[in-house]
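Novice: My structure is below; once you've seen it, I'll send some questions.
Residue numbers (our numbering): 1 to 141.
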């Protein structure tokens with residue numbers, strides 16, 4: 001059974017380039033064997049990540065993420081059973097949310113600044129899809 005999970009969290013400290021690099025390296029090393037795909041979005045204040053894969057693998061990874069000391073205020077924004085993956089081409093893509101045009105954010109949020117904790121899961125997923133469509137998501141598939 002495939003599921004899609006989306007969560008948001010607040011960074012404990014401003015993520016350093018090596019922090020994001022470490023997360024991406026871990027994802028590329030471990031996700032393929034677990035059948036996990038997804039996208040990590042980040043700014044200096046927040047993380048937002050969508051994960052897809054088997055229910056057991058996604059639930060186990062989410063439990064590990066919740067305990068990760070690099071962030072706090074982890075909130076589940078969306079969880080659903082799916083028939084097919086939306087992010088199948090990404091073992092883990094990434095997008096820097098600090099580079100998003102405020103007008104793009106206003107399409108999905110009531111304010112031009114990103115606050116995924118105040119956004120619906122549906123709008124958060126739509127924002128990630130917009131980032132993919134505009135080629136804002138980078139990384140190794």
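Note that beta-carbon positions come from the ideal geometry of N, C-alpha and C, so glycine has one too.
Just so we're clear, the structure is a prediction, and the values are computed from it rather than from any experiment.
Hey, could you find the ends of the beta strand (DSSP E) residue 7 is sitting in?
Specialist: First-last of the beta strand (DSSP E) with residue 7: 2-11.
Novice: From the DSSP output, in three-state form, read off residue 24 for me.
Specialist: Of the three classes helix, strand and coil, the one that applies to residue 24 here is helix, per DSSP.
Novice: Taking only the alpha-carbon atoms, compute the straight-line gap between residue 129 and residue 11 and give it to the nearest angstrom.
Specialist: Cα to Cα, the separation comes out at about 23 Å.
Novice: When the distance is taken between beta carbons, is residue 103 closer than 8 Å to residue 6?
Specialist: No.
Novice: Shortest alpha-carbon distance to residue 19 belongs to which of 62, 69 and 8?
Specialist: For the residues 62, 69 and 8, the minimum Cα distance to residue 19 belongs to 69.
Novice: Which residues in the same chain have their Cβ closer than 7 Å to the Cβ of residue 141, if we skip the five residues on either side of it in sequence?
Specialist: Confidence is the limiting factor: at residue 141 the pLDDT is only 43, short of 50, which leaves the residue's position unreliable and the question unanswerable from this model.
Novice: Would you decide whether residue 113 is buried or exposed? Buried here means 16 or more other CB atoms lie within 10 Å of its CB.
Specialist: Exposed, since its Cβ has fewer than 16 Cβ neighbours within 10 Å.
Novice: Tell me where the alpha helix (DSSP H) around residue 72 begins and ends.
Specialist: No alpha helix (DSSP H) contains residue 72, which is instead part of the beta strand (DSSP E) from 71-82.
Novice: Return yes when the Cβ of residue 75 is within less than 8 Å of the Cβ of residue 8, no when it is not.
Specialist: Cβ distance < 8 Å, so residue 8 and residue 75 count as in contact.
Novice: Kindly indicate which three-state DSSP category residue 31 falls into: helix, strand or coil?
Specialist: Note: residue 31 maps to helix in three-state DSSP.
Novice: Would you mind stating whether residue 77 and residue 36 have Cβ atoms separated by less than 8 Å?
Specialist: No. Outside cutoff.
Novice: Enumerated in chain order, which unbroken segments of the beta strand (DSSP E) with a length of 3 residues or greater are wholly contained in the region 93-130?
Specialist: Listed in chain order, the complete beta strand (DSSP E) runs (minimum 3 residues) inside the region 93-130 are 93-96.
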